[in-house]
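**Q** Protein chains in written order, with the working numbering: chain H, 1 to 191; chain E, 192 to 500; chain B, 501 to 1132; chain D, 1133 to 1616.
Every residue, glycine too, gets a C-beta built ideally from N, C-alpha and C.
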Amino acid sequence: MVDDEKIVSEDMGVQVEKNENMEMRSFGTVKRWATKRSLWMVHYCTGCGGIELAPLMTSRYDMERFGMHPMVTPRQSDVLLITGYVNIKTLKRIIRTYEQMPDPKYVIAFGSCPINGGPYWDSYATINHLDKYIPIDLYIAGCMPRPQSIVRAFEDLMDMIQDGTADGYMRYKKYYEPYKANQEKIFRKWW
Amino acid sequence: MIAEILVLIFMPVFVSFMGLLFMGIQRKITARVQNRIGPPFYQQFIDVMKLFSKRENIGHNWVFDIGPIFAIVGMLTTMLFIPMGGFRLLSMDGDLIVVMYLLVISGLGMALGAGASGNPNAGIGVMRGLTLMMAYEMPFVISVLAVMVYYHTTSLAEIVGMQSGMWALIILPLSALVADMALQAQFGKKPFDQPIAPAEVATGPIVEYGGKYLGMLMVAHSIGMFVEAGLFIDIFLGGGLLFHQPGIIWQVFNFLFWVLLVFALYTLAVLVNAIMPRYRIDQAFVFYWKWPTIIAIIGLAYALGVSVW
Amino acid sequence: MLEFLNPMLRPEWMISLLFIGALLTYFAGKVSSALRTTFAIIFSVFVAFLVFLSGSRDVLTYWRPSASPMGFRFVLSINALSWFFALMISMVSALTIVYSAGFGKNTEKDNAFYGLNLLLMGAMLGVVFSGDMLSFFIFWEIMTLASYLLTTLAGKRAEKGALNYMIISTAGAYSILIGMTMIYTRFGTLEFSGLASVMGGADPMFLLITLSMLGIGFAVKAALAPFYVWAPPAYSEAPDSFTPVFSGALSKLGPYGFTLFMYGIVGLPALAKMGTFRGISDFGYIIALLGSITAVIATLYAIAQDDIKKLLAYSSISQLGYVMMGIGIGTSIGVAGGLYHALNHAIFKTTLFMGAGVLIYTTGSRKLSDMGGLGTKMPITFLTMLIAIFALAGIPMTGGFGSKWLLYEAAIDKKFVLIAPLAFIASVGAFLYSFRILQSAFLGQLPERLKGAKDPSPLITIPMLFFAGLLVLFGIAPGIPLGIIASVESYLGIPALNVSTYSVYLGANFGAYNAFTVMTVITLALLVALALFFIAKKSRKVGQTDTYMAGEVPEHHVDLYLHYSMNFYRPLERIFAPYLRNRLERLYDAFGSGYELISEGIRRIYTGDVQHYVYYVMVFLAVMILAGWWWL
Amino acid sequence: MVIDPTLMIGVPLFIAFLIPVSTFINRKFPRYLAGGTILFNLILSMLLLDAALKSPVVSYLGGWKPPFGIVLYAGPLGAMLALLISTVSILTWIYLPEYIEGGDKEKFYMLYLLLTAGATGMVLTGDLFNLFVFTEITAIASFSLLAYSKGKDEKEAMEATIKYMIIGSLSSAFFLIGIALLYSVTGTLNMADLSSRIPHADPRTVAISMMFIITGLGVEAEMFPLNGWTPDAYTGASHPVSAVFAGIVVKAGFYALARVIFSIYASSTGLGIMLVFGIITLIIGESAALRQTDLKRMLAYSSIGQMGLIITAFGMGTQLSLVGGLYALLNHAFAKTLLFMSAGAFILSLGTRNIGALDGMGKKMPVNSILFTIGAFSIMGLPFFGGFISKIVIIYASMDAGYMLIAILILSASVIELVYFLRVVQRIWMREPGDSEVKKASNASIISMMVLAAIVIVMGIYPQAFFRILGPAAGELLKAIGGA
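1) Kindly indicate which three-state DSSP category Lys18/H falls into: helix, strand or coil?
2) Label Leu932/B either buried or exposed according to how many other C-beta atoms from any shown protein chain fall within 10 Å of its C-beta, with 16 as the threshold for buried.
3) Of all the options Val1525/D, Met1582/D, Val1455/D, which has the alpha carbon lying nearest to the alpha carbon of Thr1469/D?
4) From Lys721/B to Ile667/B, what does the alpha carbon distance come to, in whole angstroms?
5) Taking Cβ-Cβ distances below 8 Å as the criterion, which residues of the region 390-406 of chain E are in contact with chain H?
6) Per the DSSP calculation, Leu576/B is bridged to which residue(s)?
7) With a CB to CB cut of under 6 Å and the five nearest residues on each side skipped, what residues in its chain are close to Glu1073/B?
8) Short of 7 Å Cβ to Cβ, which residues in the region 996-1024 of chain B face chain E?
9) For the putative contact between Leu1609/D and Leu1209/D, defined by C-beta atoms under 8 Å, what is the C-beta separation to the nearest angstrom?
10) Are there three or more Cβ pairs, one per stretch, closer than 8 Å when the region 1428-1445 of chain D is compared with the region 1370-1382 of chain D?
11) By Cβ distance, which residues of its chain are closer than 8 Å to Leu811/B, with the 5 residues on each side in sequence left out?
12) Check each candidate in Ala910/B, His845/B, Gly1108/B, Leu950/B and name the one with the smallest Cα separation from Phe585/B.
13) Which residues bound the alpha helix (DSSP H) around His1464/D?
14) In chain E, what lies closer than 7 Å to Phe901/B by C-beta?
15) Please confirm whether Asn21/H has its beta-carbon closer than 9 Å to some beta-carbon of chain E.
16) Give, in chain order, every residue of the region 230-253 of chain E whose Cβ lies closer than 7 Å to some Cβ of chain H.
17) Do you know offhand how far Leu1030/B's Cα is from Leu405/E's?
18) Leu1223/D to Tyr1113/B, Cα distance in whole Å?
19) Taking any Cβ of chain B, which residues in the region 1509-1527 of chain D have a Cβ under 9 Å from it, in chain order?
20) Could you tell me the alpha carbon to alpha carbon distance between Pro1137/D and Ala1390/D, rounded to whole angstroms?
21) Terminal residues of the continuous beta strand (DSSP E) containing Ser532/B?
22) Just to confirm before moving on: does the CB-CB distance between Tyr562/B and Val547/B stay below 9 Å?
23) Given this structure, state the Cα-to-Cα distance separating Tyr822/B from Val917/B, to the nearest angstrom.
24) Tell me, to the nearest whole angstrom, how far the beta carbon of Gly830/B is from that of Ile780/B; I am working on the premise that it is less than 8 Å.
25) Report the partner residues of Ile249/E according to the DSSP bridge assignment.
26) For Pro483/E, which residues in the same chain have their Cβ closer than 6 Å to its Cβ, ignoring the five residues on either side in sequence?
27) Ala1139/B: which of Pro896/B, Met854/B, Gly993/B, Phe552/B sits nearest, CA to CA?
28) Does the Cβ of Trp1225/D have 16 or more other Cβ atoms within 10 Å, making it buried, or fewer, making it exposed?
29) Could you give the DSSP three-state label for Leu946/B: helix, strand or coil?
30) Thinking Ser1154/D and Pro1144/D are a contact (beta carbons under 8 Å), I'd like their distance in whole angstroms, please.
31) Across the region 506-526 of chain B and the region 597-610 of chain B, are there enough close Cβ pairs to call them in contact, namely three or more that are closer than 8 Å?
32) Let me know if Ala1616/D comes out buried or exposed under the rule of 16 or more other beta-carbons within 10 Å of its beta-carbon.
33) Could one say the Cβ of Ile228/E lies closer than 9 Å to chain H's Cβ atoms, at least one of them?
34) What residues from chain H crowd round Gln225/E, counting only those whose CB sits closer than 7 Å?
35) Express the C-alpha separation of Ser244/E and Gly28/H in angstroms, rounding to a whole number.
36) Taking 9 Å as the CB-CB cut-off, is Glu1208/B touching chain H?
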């Protein structure tokens, strides 16, 4: 897990204290179990990652075993998948989609591009550190990650949900102002 | 009296429970057809639980809230007017036409809420839904009319009672066939799932519904499954009356058989769904107004001929 | 308490009050517009109240003109049938006048507008109160004239519609005139009471011809196929504050005429002499079939409309088709269904046209695609129109369901396999077009220019709320209107419907409709659903434009493409377009232009050349002399 | 008091010849002299009608009893028409000053008075030859009045006059031939004597004389196909003259036709001819009007159509149909006069007869537009106006007489009439006006039109007043053919 709070705080000079129990307090065990066993995802297929999702849904890996289901609208989804590199234009859409998702919501970023820009790191439009703009719960390394690792990532996410550490959405709420400031910095004129 | 009220209270709970269970099983069946393992049979309960436990529900305005509420109200009300196996419920206070109109409340309320979301996809979805409704109502109404003309009554309980000797399915097979075709669209299964086609209109009317809204819609849908299949059973399959002896035990058996028939009908629709692509909405319309309608008219002419002469 | 009004509960009082009121209103307008509007409201509401008070007691008034070449007397009467229609008409007319007072200015010539409205109301009451055919015809013509003049007040856009309306109406009225004179020359009386005893004995051929002649006239007003072509342009182009009366009240005179003559005067046994089809008369069956065909055709046209008033106009035609279907079937259930639907249609279509007027006033456009998202801005308008649309679609808990239910039962009872499916399909189509109004006007995105929209003044909303309340009341207690209708039926000699306040039982092998049970169940289900809704976490409200558009931010182009309402039923329209292209209007147009061509030829007879004229004279004389020589 | 109908003819005739002389007194004097005379006629005809309703007033010229002397016979019908003529005449007299051009107004008034006198003579005479004489006086006055036009319409008026004169003289000739033939077999020209002698005369000669007389009088009565002069004459004439044509000349001509057929011949063949040609006239007149773009020409064709309706009604020959026909005659006389007057006001202010120019006149000349609309509505037969009553009575009469086809044809023609009149009325009220300035009609003309409109409305809402007169009037005609 990448210490995303640090990245945010470095840029903003805000001290973030990690509150591990933020979720535990308010979310019953059964509810969390239900949430983790019924992860509906909306995937933002920005890059090559999207192609890796197809075998995940079909008979080879069949993610529906875990109750996972692709959904088309953020309103009904729990997980946002960012499957590839992000540039300024797509970032707007990602933020928009993310904000439209109801809590609790989780973000998984695929591959190295969202982490550090990947092969496109030096482009004028590439976003190198995605979690300066929205909170990422889980990164999957690789270029691209194989389906097996994606399955593994989901298992990890489920564990995190169960123990309450997947709290990206709460951080986004708590540090909304710094996130917004970051977003505005890159978009200059908002939207 | 008290027993009846108890039944009336018990029915909705039972039906929504069974509906969710059936839907879970059907997901499993679909998965097996597609050579997948599929979710556990109780997956639908987990989904509903999750949806109701969402920390945040996003609404737009009060009209938007009406949608799921009306969906449940419509379905619940309709359900209570349909004879269920051995239980007649309130079917003496409303007949087939009342039921067919009560059934609309759900859809129209849903459409209202969907429209209020302001999402154009929802608008397109509602348009498709209403168009599809007009499409399948044509053959459906004609085939149901055949039954009403044949038995010369509009009361569902009467129709059920008159089939004690022989099911209408056997007497009017063409009408039953057409009604089952229409059932596919009533269930919203492929090839007639244009209103909620996810890849085209992002689940159409429910595009803006998440959290508890979606949970309520799933409950409504599960009741709806029983209502729609139950209507077909009451009209064509003798109301699932297997045993004609009086007595609460036989009533329960009849009811269980009725539930089994619902499951069978739903499975049939799901199997078709699993292997079918989707029609365009205009293709679906033309389909329904062509062959099923012609078959239904032949069935109606047959029923009229038999009943008049 | 109100006994002092008793002497005024007479038809001649009500009608003359309105006629005097019309004049007073017109001239009061020369003094001050407020005085004029007050006069109009007072007169109309007072007369409506009188009609309400008078009840269905039998009142007869005679007046014999001193010197007339025909030797008749004028009769005005109140009976169960006429009271039922009079109540409907006076309610709609009076409240529409109140409604139009809410707008500052309805037309260019508002004095004439209010005056003619009162005149029209008087004429309509005159038609239903007439106890003889001559006064019936005279009031009928006054009604046509007044409504025509009201339509023309809309200005240039109504030109063609008004002309067509007047031409077709006049042709229809002349058809009535011929039927009327046929009856008079045969029986020597024009009084309904006298005719009722002798018409039954007439030979079937004579009955068929007279009824057809009268029927053409009534069918024109009832916008029955193939005579409905005048209705869409006239309804949609008439002034917005007049259309509610036009569609809500005036169109009901067609069904009234049919009911009166088919059942009140000719009577069921005599109708049956003309040949029967499964127990009902052939004449009635044809009317019913035409009604159901009208319902379907008009529905298909309504689905394709973007103009809200045109949509409602086609919807009116379609719903009147239902009414005619019920009246044509002519069984106890059928007539009850037809009359009840007429009442419902009067109420909900008036409400809808009133709402349409408000929408047009607010948005400045009649196009549905120019509106949107007004539901939260104009909650009262939305709610009333919603209830009216539910009634139109026949949703249980509103009045509209009971009547549609009766109509279906009537058709199924007689095993009319041609009529019943048509009626069903038209009803499903009604969902389609009525939802289009909701979706396009009230739901969806609010265009930037309508941000300031709000509910209109109470003068406008109170009539709408009143009608919406009536619809809900009828939905819960269908016995109230059906009780009146049952008395109308027994007046007409049709077996009366068996109703109690909350439920309708049609007989052993029919279903039943217990509105009270339905209401109870719906209420309980609503409680359950609300409980489910409120137990779960309260929802956070987000803005109307915050919708899922694949991540797109739509704020800047809401007006452009975010509101799906243009070409709403495009896929459906595409399917029906080839069939709907051959409109009936073309036939009329072809006839019209064909006759213009002929008349152009006739005009050429007058060449302007005096030689030709002299030639005509000489030929005439020669032919005459030869003929005279030959014959004498 | 005994009214002498002779005065109603003699005084205007005498004064007509005084008028050119009287201009030496004052330039305006001829106008008031004529007006005074017509007023005198009006009062006299009212008294005459009152008397005639009790018993017919018969007056022998020079005290000679028939069959040697000339007789004036004023039954209810004749007296009523005399009243109609003087009413229309006085109203047109009020209306006309601003509508006639040319310097010698005294000539116009002389001819106008001659016309009134001639027409009054036509309806009051009891002698066939006198009828011819008065017809000639009327005709000559009409020709001259028609030609009395200056300015840009002068050529058109001249052309129309020549057409009218040619056909008119032809008709006079035929009329005269008919009279001569009749005289040859009966030896008398007194109407009362004729009717008693005709049954014993040679039927073939009588029939042929009837054909000649129908042809001769049918021209004035605008019966198809003898009405070729009509559209041109109405169009070419100045507006008051058109009004007078519609209100007086044609009505008097029609009276003569009806009188001859009913009172003299009492012939069912004659009625049949009236019926058939009446209905043809009706259909052709209305159809021809449908496509007109010239306002006055349209009114002219409408006038033909209305005369067709009246002829048809008379052709049915029952008490009821005669009442209906007379009602239509009265309504047409007043309403069409009104229409020609208000159309004249429009044309005067617009400078064109084109219907297309009438756009939005309701905003510019509201009073005149309302008056035109009232006239049009009455002709169309809408309720509250005279035409409505006449239409109901005629339709009822035709159904009563068993002529269902006729009833349907009449009503179809009414629909056509509705179409073309409504087109004009809607154009006046519903279109947006152009920006040209209009000249308002004078108060005097507005007042005369208002009186006409009031008469038309009274006819529509209080018909009993008229039925009281029309009943005996119809009975008078019917007595001759043995009807009820």
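**A** Taking the coordinates as given:
1) Low confidence applies to Lys18/H: its pLDDT is 47, below 50, so where it sits in the model is not reliable enough to give any reading.
2) Buried, by the Cβ-count rule.
3) Met1582/D
4) Cα to Cα, Lys721/B sits roughly 12 Å from Ile667/B.
5) Cβ contacts with chain H come from Ala390, Ala393, Thr394, Ile397, Val398, Glu399, Tyr400, Gly401, Gly402, Leu405.
6) In DSSP, Leu576/B forms a bridge with Thr561/B, Ser630/B.
7) Ala804
8) Contact annotation: in the region 996-1024 of chain B, residues whose CB is within less than 7 Å of a CB in chain E are Asn1009, Phe1010, Gly1011, Ala1012, Tyr1013, Asn1014, Thr1017, Val1018, Val1021, Ile1022.
9) 6 Å
10) yes
11) Ala802, Gln805, Leu868, Tyr933, Arg936, Ile937
12) His845/B
13) 1451-1482
14) Tyr292
15) Legend: pLDDT at Asn21/H = 47, less than 50; position of this residue unreliable, no value from coordinates given.
16) Pro230, Gln234, Ile237, Asp238, Met240, Lys241, Ser244, Lys245, Arg246, Glu247, Asn248, Ile249
17) Approximately 14 Å, taken between the alpha carbons.
18) 32 Å
19) Phe1509, Met1512, Gly1513, Leu1514, Pro1515, Phe1516, Phe1520, Lys1523, Ile1524, Val1525, Ile1527
20) 21 Å
21) Element bounds for Ser532/B: n/a, residue is neither H nor E.
22) The beta carbons of Tyr562/B and Val547/B sit no closer together than 9 Å.
23) 15 Å
24) Going by Cβ atoms, the distance from Gly830/B to Ile780/B rounds to 5 Å, so yes, they are a contact pair.
25) Note: Ile249/E sits in a beta bridge opposite Arg1040/B.
26) Pro330, Val369, Met372
27) Since the first residue of chain B shown is 501 and the last is 1132, residue 1139/B is not available in this structure.
28) Sixteen is the threshold: when 16 or more other Cβ atoms of the shown chains lie within 10 Å of the Cβ of Trp1225/D, as they do, the residue is buried.
29) coil
30) Not confirmed; about 14 Å, so no contact.
31) no
32) The predicted model places Ala1616/D with a pLDDT of 37, which falls under 50 and marks its position as unreliable; any figure quoted below should be read in that light. With fewer than 16 Cβ atoms within 10 Å of its Cβ, Ala1616/D is classed as exposed.
33) yes
34) Taking a Cβ-Cβ cut-off of 7 Å, the neighbours of Gln225/E in chain H comprise Ser59, given in sequence order.
35) 9 Å
36) Nothing can be reported for residue 1208/B, as the shown portion of chain B is limited to 501 through 1132.
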